[in-house]
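Here the working numbering is used: the first residue of the sequence shown is 1, the next is one more, and so on.
Positions of the beta carbon are idealized from the N, C-alpha and C atoms, including for glycine.
No experiment lies behind these values; they were computed from the predicted model shown.
Here's the structure, in structure tokens; my notes come after.
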Amino acid sequence: MTLTELKYIVAVARERHFGRAADACYVSQPTLSVAIKKLEEELEVKLFERSASEVSVTTLGDQIVRQAQIVLDQAAAIKEIAKRGKDPLAGVLTLGVIYTIGPYLLPELVRQSIERTPQMPLMINENMTAKLLEMLRTGEIDCAIVAEPFPDTGLAMAPLYDEPFYAAVPSVHPLASRESISSSELKNETMLLLGAGHCFRDHVLEVCPEFARYSSNTEGIRRTFEGSSLETIKHMVAAGMGVTLVPRLSVPKDALEKGIRRRKSDETHIRYIPLTDDSNGEAPKRRVVLVWRRSFTRYEAIAALRNAIFACNLPGVEMLQS
Numbered sequence: 001m002t003l004t005e006l007k008y009i010v011a012v013a014r015e016r017h018f019g020r021a022a023d024a025c026y027v028s029q030p031t032l033s034v035a036i037k038k039l040e041e042e043l044e045v046k047l048f049e050r051s052a053s054e055v056s057v058t059t060l061g062d063q064i065v066r067q068a069q070i071v072l073d074q075a076a077a078i079k080e081i082a083k084r085g086k087d088p089l090a091g092v093l094t095l096g097v098i099y100t101i102g103p104y105l106l107p108e109l110v111r112q113s114i115e116r117t118p119q120m121p122l123m124i125n126e127n128m129t130a131k132l133l134e135m136l137r138t139g140e141i142d143c144a145i146v147a148e149p150f151p152d153t154g155l156a157m158a159p160l161y162d163e164p165f166y167a168a169v170p171s172v173h174p175l176a177s178r179e180s181i182s183s184s185e186l187k188n189e190t191m192l193l194l195g196a197g198h199c200f201r202d203h204v205l206e207v208c209p210e211f212a213r214y215s216s217n218t219e220g221i222r223r224t225f226e227g228s229s230l231e232t233i234k235h236m237v238a239a240g241m242g243v244t245l246v247p248r249l250s251v252p253k254d255a256l257e258k259g260i261r262r263r264k265s266d267e268t269h270i271r272y273i274p275l276t277d278d279s280n281g282e283a284p285k286r287r288v289v290l291v292w293r294r295s296f297t298r299y300e301a302i303a304a305l306r307n308a309i310f311a312c313n314l315p316g317v318e319m320l321q322s
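The structure is reproduced here in structure tokens:
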């Protein structure tokens, strides 16, 4: 049994005609017919029913053709592995990204990636941190962009950037005129949070621990509300339902520029204000990192991805290239 013979039976099953199958395989019809007859004799089964008008696949033949296609796909995969070994940047890189990073980083990252490594397209999977770490362990993705902290899973890790938090308040809120806000000043506000499972929810509760006791019980519904995404929560802020914290990259470009006439949208009803820490006056921030399996062999692809991220225009964040 050879891969060539398997290719022939798949072609006949697809074309339902020996002549067309031979043309598709760039061989003569007698060559194809002899090879298939040889395979049928070796397997001691009949793969095809032949008639004057068409060729049909036998019941057992259909199972064999399906398996033949799997074998051919796996053989092609071996060639792809060898190709990537010669050029680690050749081939798809499967990248996981958490929900509170993807919408704000990916537009710029994809553009940089296309310009720098067009031979390495990004296949992107957006999910929660726990799910992305699981997908890394099982090999469903090659690497992931997440925020610290996360469970130690023995993964390789490289820092990308530190991103400060901003407070988002309704434009008519008493705090809207402030140049900065400390976390303690938000303790009497209605805090809008992401739902359980989002790591950014944990970041907010770490910065504003007063809300931790409200976010996990029914009494706290008067003090905290949950949304499915940062953009959903922003709409709730615009509607005057409360305040929230957001990462710097989620702040619209013109929202911090004075004298800019902004288009009418929910964003015009939100004021974004730098957040300061009560203890040292510095801005609370999250560290964004790239993680991958230590057994992953395409380190050059990881390096190229990091360089593409460092080349992105990400206002307000501190790049960690060293």
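Check, Outcome
"Quick check: Pro151 and Leu133, are their CB atoms within less than 9 Å of each other?", "yes"
"Assign Asn127 to one of two classes, buried (16 or more other C-beta atoms within 10 Å of its C-beta) or exposed (fewer than that).", "buried"
"Give me the residue from Phe296, Asn313 and Val237 with the minimum Cα distance to Ser190.", "In the sequence under discussion, the amino acid at residue 190 is Thr, which differs from the Ser named in the question. Nearest option by C-alpha distance: Val237."
"I'd like the list of long-range same chain contacts for Lys285, defined as Cβ closer than 7 Å, with 5 residues on each side in sequence excluded.", "Asp162, Glu163, Pro164 and Phe165"
"Which of helix, strand or coil does DSSP assign to Cys143?", "strand"
"According to DSSP, which residues form a beta bridge with Tyr8?", "Per DSSP, none; premise fails for Tyr8."
"Check Pro315 in the structure and name its three-state DSSP category.", "coil"
"Classify Ala196: buried if its beta carbon has 16 or more other beta carbons within 10 angstroms, exposed otherwise.", "exposed"
"Going by beta-carbon coordinates alone, are Leu320 and Leu160 separated by less than 9 Å?", "yes"
"Indicate the three-state DSSP secondary structure (helix, strand or coil) for Asn307 in the structure shown.", "helix"
"Between Leu256, Lys83 and Glu300, which has its C-alpha nearest Ser171's C-alpha?", "Leu256"
"Exposed or buried, what is Ser180 when buried is set at 16 or more other beta-carbons lying within 10 Å of its beta-carbon?", "exposed"
"Pair every Cβ in the segment 136 to 152 with every Cβ in the segment 97 to 107, then say whether three or more of these pairs are closer than 8 Å.", "yes"
"Applying the criterion that 16 or more other CB atoms from any shown protein chain within 10 Å of the CB defines a buried residue, is Tyr26 buried or exposed?", "exposed"
"According to DSSP, simplified to helix, strand and coil, what is Met123?", "strand"
"Residues in the same chain with beta-carbon distance under 7 Å from Val12, minus the five sequence neighbours each way, listed in chain order, please.", "Phe18, Ala21, Ile36, Phe48 and Val55"
"Three-state secondary structure (DSSP) at Leu245?", "strand"
"Counting along the chain, where does the alpha helix (DSSP H) carrying Pro103 start and finish?", "Gly102 to Arg116"
"If the criterion is Cβ atoms closer than 9 Å, does the pair Met120 and Gly91 meet it?", "yes"
"Tell me the DSSP bridge mates of Ser295?", "Its beta-bridge partners do not exist; DSSP assigns none."
"Specify, as a first and last residue, the run of the alpha helix (DSSP H) that Met128 falls within.", "Counting along the chain, Met128 falls outside any alpha helix (DSSP H), and DSSP gives it neither H nor E."
"Cβ of Val45 within 9 Å of Cβ of Leu60?", "yes"
"Please confirm whether Val71 and Leu3 have their CB atoms less than 9 Å apart.", "yes"
"Mind reading off the beta-carbon distance from Leu89 to Thr117? Whole number of angstroms is fine, and I expect it under 8 Å.", "5 Å"
"If I follow the unbroken beta strand (DSSP E) through Gly96, where does it start and stop?", "Leu93 to Ile98"
"Measuring CA to CA, which of Glu282, Arg294 and Leu230 is closest to Thr100?", "Leu230"
"If you measure between the beta carbons of His203 and Leu155, is that distance less than 9 Å?", "no"
"Could you give the DSSP three-state label for Arg201: helix, strand or coil?", "helix"
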